[in-house]
Amino acid sequence: MSSKSFQRVSVRGLEEIAGPVFPVHRLEIACLQPYLPIKAMNHSSSADCRFNHQATFIQGVETVSQSKHLVCPHCQAVNRIPENKLDRQPNCGKCKAPLFVGQPVELTDQSFAKHLRRNDIPLVVDFWAPWCGPCKMMGPHFKNATAQMEPKIRFAKLNTEIAQKTAAQFGIRSIPTVAIFRNGREVARQAGAMDARTLTNWIQSQL
(Lines of atoms letter the chains of each structure in order from A; the text may use other names.)
(Lines give C-alpha, C1' and ligand atoms only; values in the text may rest on other atoms or scores of the structure.)
Protein backbone atom coordinates (compact mmCIF):
# COMPACT_ATOMS: atom_id res chain seq x y z
CA MET A 22 0.00 0.00 0.00
CA SER A 23 1.24 3.49 -0.83
CA SER A 24 2.03 5.77 2.08
CA LYS A 25 -0.34 8.28 0.45
CA SER A 26 -3.27 6.16 1.58
CA PHE A 27 -2.25 6.53 5.23
CA GLN A 28 -3.89 9.32 7.14
CA ARG A 29 -3.68 10.54 10.72
CA VAL A 30 -6.96 11.72 12.14
CA SER A 31 -7.82 12.85 15.66
CA VAL A 32 -10.50 11.16 17.72
CA ARG A 33 -12.52 14.37 17.40
CA GLY A 34 -12.25 14.05 13.62
CA LEU A 35 -13.45 10.47 13.79
CA GLU A 36 -16.42 11.62 15.88
CA GLU A 37 -17.41 13.99 13.09
CA ILE A 38 -17.34 11.10 10.61
CA ALA A 39 -18.67 8.16 12.61
CA GLY A 40 -20.47 9.75 15.57
CA PRO A 41 -19.44 9.84 19.24
CA VAL A 42 -16.50 7.68 20.18
CA PHE A 43 -17.04 5.85 23.44
CA PRO A 44 -14.10 5.81 25.85
CA VAL A 45 -11.70 2.96 25.34
CA HIS A 46 -8.35 2.39 27.00
CA ARG A 47 -6.64 0.48 24.21
CA LEU A 48 -8.06 -1.62 21.40
CA GLU A 49 -6.34 -3.42 18.59
CA ILE A 50 -8.25 -4.99 15.74
CA ALA A 51 -6.63 -6.60 12.72
CA CYS A 52 -7.68 -5.29 9.33
CA LEU A 53 -8.41 -7.94 6.75
CA GLN A 54 -7.25 -5.80 3.85
CA PRO A 55 -4.54 -4.74 4.17
CA TYR A 56 -3.08 -6.68 7.09
CA LEU A 57 -2.26 -3.71 9.32
CA PRO A 58 -3.45 -3.00 12.90
CA ILE A 59 -5.79 -0.27 13.98
CA LYS A 60 -4.88 1.30 17.32
CA ALA A 61 -7.34 3.43 19.24
CA MET A 62 -6.31 5.20 22.43
CA ASN A 63 -8.34 7.33 24.86
CA HIS A 64 -9.97 10.63 23.94
CA SER A 65 -6.85 12.67 24.60
CA SER A 66 -4.82 10.71 22.05
CA SER A 67 -4.89 10.50 18.31
CA ALA A 68 -5.59 7.41 16.26
CA ASP A 69 -3.51 6.09 13.38
CA CYS A 70 -5.82 4.84 10.66
CA ARG A 71 -3.68 2.72 8.34
CA PHE A 72 -6.40 1.11 6.27
CA ASN A 73 -8.74 1.94 3.43
CA HIS A 74 -11.97 0.81 5.10
CA GLN A 75 -14.40 3.00 7.05
CA ALA A 76 -14.32 2.60 10.83
CA THR A 77 -17.50 2.36 12.88
CA PHE A 78 -17.66 2.90 16.64
CA ILE A 79 -20.36 1.06 18.60
CA GLN A 80 -20.42 1.22 22.40
CA GLY A 81 -16.68 1.43 22.76
CA VAL A 82 -15.89 -1.20 20.14
CA GLU A 83 -14.22 -0.20 16.90
CA THR A 84 -15.10 -2.32 13.90
CA VAL A 85 -14.01 -2.17 10.28
CA SER A 86 -16.64 -2.00 7.58
CA GLN A 87 -15.85 -4.75 5.09
CA SER A 88 -16.56 -4.34 1.41
CA LYS A 89 -18.87 -6.55 -0.62
CA HIS A 90 -18.53 -7.43 -4.27
CA LEU A 91 -21.80 -6.93 -6.15
CA VAL A 92 -22.53 -7.71 -9.78
CA CYS A 93 -24.48 -4.96 -11.51
CA PRO A 94 -27.85 -6.29 -12.76
CA HIS A 95 -27.64 -3.97 -15.77
CA CYS A 96 -24.10 -4.11 -17.19
CA GLN A 97 -22.74 -7.11 -15.21
CA ALA A 98 -19.77 -5.11 -13.91
CA VAL A 99 -18.43 -6.14 -10.50
CA ASN A 100 -18.61 -3.37 -7.90
CA ARG A 101 -16.97 -3.16 -4.48
CA ILE A 102 -19.31 -1.53 -1.96
CA PRO A 103 -18.66 -0.98 1.79
CA GLU A 104 -21.06 -3.20 3.72
CA ASN A 105 -22.41 -0.29 5.75
CA LYS A 106 -23.41 1.50 2.53
CA LEU A 107 -25.44 -1.32 0.98
CA ASP A 108 -28.69 0.22 2.19
CA ARG A 109 -27.84 3.67 0.80
CA GLN A 110 -28.99 2.84 -2.74
CA PRO A 111 -25.51 2.41 -4.27
CA ASN A 112 -25.02 2.84 -8.00
CA CYS A 113 -22.83 0.87 -10.37
CA GLY A 114 -19.42 2.47 -10.84
CA LYS A 115 -19.48 1.64 -14.56
CA CYS A 116 -23.00 2.28 -15.87
CA LYS A 117 -24.18 4.44 -12.91
CA ALA A 118 -27.46 2.49 -12.65
CA PRO A 119 -28.80 1.41 -9.24
CA LEU A 120 -27.42 -1.90 -7.98
CA PHE A 121 -30.73 -2.67 -6.28
CA VAL A 122 -34.07 -1.84 -7.87
CA GLY A 123 -36.53 -3.68 -5.63
CA GLN A 124 -37.20 -6.45 -8.11
CA PRO A 125 -35.47 -9.72 -9.09
CA VAL A 126 -32.65 -9.78 -11.63
CA GLU A 127 -33.40 -11.70 -14.83
CA LEU A 128 -30.54 -14.17 -15.35
CA THR A 129 -29.44 -16.13 -18.40
CA ASP A 130 -27.02 -18.99 -18.99
CA GLN A 131 -24.36 -16.36 -19.65
CA SER A 132 -24.96 -14.13 -16.61
CA PHE A 133 -25.84 -16.79 -14.03
CA ALA A 134 -22.27 -17.97 -13.39
CA LYS A 135 -20.99 -14.44 -12.78
CA HIS A 136 -23.72 -13.60 -10.30
CA LEU A 137 -23.17 -16.93 -8.58
CA ARG A 138 -19.39 -16.58 -8.20
CA ARG A 139 -18.82 -12.85 -7.86
CA ASN A 140 -21.63 -11.69 -5.54
CA ASP A 141 -20.53 -11.64 -1.90
CA ILE A 142 -24.12 -11.59 -0.67
CA PRO A 143 -26.44 -14.62 -0.80
CA LEU A 144 -28.18 -15.27 -4.11
CA VAL A 145 -31.79 -16.51 -4.13
CA VAL A 146 -32.95 -17.82 -7.50
CA ASP A 147 -36.47 -18.60 -8.67
CA PHE A 148 -36.30 -21.26 -11.40
CA TRP A 149 -39.51 -20.81 -13.39
CA ALA A 150 -41.15 -20.96 -16.83
CA PRO A 151 -43.79 -18.74 -18.52
CA TRP A 152 -46.23 -21.61 -19.05
CA CYS A 153 -46.18 -22.65 -15.37
CA GLY A 154 -49.31 -21.57 -13.49
CA PRO A 155 -47.84 -21.85 -9.96
CA CYS A 156 -44.78 -19.91 -11.17
CA LYS A 157 -47.01 -17.03 -12.28
CA MET A 158 -48.86 -17.14 -8.98
CA MET A 159 -45.62 -16.95 -7.01
CA GLY A 160 -44.14 -14.15 -9.14
CA PRO A 161 -45.64 -11.20 -7.19
CA HIS A 162 -44.73 -12.86 -3.88
CA PHE A 163 -41.12 -13.33 -5.00
CA LYS A 164 -40.98 -9.67 -6.00
CA ASN A 165 -42.45 -8.69 -2.62
CA ALA A 166 -39.79 -10.75 -0.83
CA THR A 167 -37.15 -9.03 -2.96
CA ALA A 168 -38.27 -5.59 -1.84
CA GLN A 169 -38.28 -6.73 1.80
CA MET A 170 -34.89 -8.45 1.93
CA GLU A 171 -32.66 -6.39 -0.37
CA PRO A 172 -29.87 -5.32 -0.13
CA LYS A 173 -28.62 -8.09 2.15
CA ILE A 174 -29.66 -10.68 -0.44
CA ARG A 175 -29.66 -10.68 -4.23
CA PHE A 176 -32.88 -12.07 -5.73
CA ALA A 177 -32.98 -13.41 -9.28
CA LYS A 178 -35.21 -15.30 -11.67
CA LEU A 179 -34.08 -17.81 -14.28
CA ASN A 180 -36.39 -18.86 -17.12
CA THR A 181 -35.75 -22.60 -17.49
CA GLU A 182 -37.19 -22.59 -21.01
CA ILE A 183 -34.44 -20.25 -22.17
CA ALA A 184 -31.60 -21.05 -19.75
CA GLN A 185 -31.86 -24.80 -20.21
CA LYS A 186 -28.15 -25.38 -19.66
CA THR A 187 -28.20 -23.86 -16.17
CA ALA A 188 -31.46 -25.59 -15.27
CA ALA A 189 -29.95 -28.95 -16.28
CA GLN A 190 -26.71 -28.18 -14.44
CA PHE A 191 -28.60 -27.79 -11.15
CA GLY A 192 -30.99 -30.65 -11.78
CA ILE A 193 -34.19 -28.60 -11.82
CA ARG A 194 -36.93 -31.19 -12.34
CA SER A 195 -39.97 -29.29 -11.08
CA ILE A 196 -40.93 -25.63 -11.11
CA PRO A 197 -41.14 -23.33 -9.42
CA THR A 198 -38.01 -24.20 -7.48
CA VAL A 199 -36.28 -21.64 -5.28
CA ALA A 200 -32.61 -22.20 -4.50
CA ILE A 201 -30.31 -20.31 -2.13
CA PHE A 202 -26.64 -19.93 -3.01
CA ARG A 203 -23.90 -18.63 -0.75
CA ASN A 204 -20.21 -18.24 -1.59
CA GLY A 205 -20.84 -19.87 -4.94
CA ARG A 206 -22.48 -23.00 -3.51
CA GLU A 207 -26.08 -24.11 -3.17
CA VAL A 208 -27.11 -24.27 0.48
CA ALA A 209 -30.84 -24.99 0.19
CA ARG A 210 -33.69 -25.45 -2.25
CA GLN A 211 -37.46 -25.66 -2.03
CA ALA A 212 -39.85 -26.83 -4.76
CA GLY A 213 -43.37 -25.49 -5.04
CA ALA A 214 -44.99 -22.07 -4.89
CA MET A 215 -44.67 -20.02 -1.70
CA ASP A 216 -46.27 -16.79 -0.59
CA ALA A 217 -44.07 -13.88 0.45
CA ARG A 218 -44.25 -14.61 4.17
CA THR A 219 -43.45 -18.31 3.78
CA LEU A 220 -40.64 -17.49 1.36
CA THR A 221 -38.96 -14.90 3.58
CA ASN A 222 -39.28 -17.11 6.65
CA TRP A 223 -37.73 -20.03 4.78
CA ILE A 224 -34.84 -17.92 3.48
CA GLN A 225 -34.10 -16.55 6.95
CA SER A 226 -34.10 -20.06 8.39
CA GLN A 227 -31.46 -21.16 5.87
CA LEU A 228 -29.04 -18.24 6.24
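Each residue of the sequence shown is one higher than the one before, counting from 22 in my numbering. Backbone N, C-alpha and C fix where the C-beta goes; we use that ideal spot for every residue, glycine too.
| Asked | Found |
| --- | --- |
| Stretch-stretch touch, CB-based, cutoff 8 Å, three pairs: the stretch 181-191 with the stretch 213-223 | no |
| Cutoff 7 Å; reference I79; Cβ partners in own chain excluding five residues on either side | Because I79 carries a pLDDT of 40, less than 50, the predicted location of this residue cannot be relied on, and no value is offered for it. |
| S195 versus N100: straight-line alpha-carbon distance, rounded | 34 Å |
| Contact belief for K135 with V92 at Cβ below 8 Å, rounded distance in angstroms | 6 Å |
| Nearest candidate by alpha-carbon position, reference K106, set P197, G192, P172 and F148 | P172 |
| D130 (DSSP reduced to helix, strand or coil) | helix |
| Beta strand (DSSP E) segments (min. 3 residues) lying fully within the stretch 165-211 | 175-180 and 198-203 |
| Per DSSP, cross-strand counterpart(s) of R218 | R218 pairs with nothing; no bridge assigned. |
| Residue of V146, C116 and K117 minimising C-alpha distance to D130 | V146 |
| Burial state of P197, where buried means 16 or more other Cβ atoms lie within 10 Å | buried |
| Which of helix, strand or coil DSSP assigns to K89 | strand |
| Neighbour-count burial assignment, S226, 16 or more Cβ in a 10 Å radius | exposed |
| Of the listed residues D141, D216, G213 and F133, nearest to F191 (C-alpha basis) | F133 |
| For V147: DSSP bridge partner residues | Reading the sequence as shown, one finds Asp at residue 147 and not Val. DSSP lists K178 and V199 as partners of D147. |
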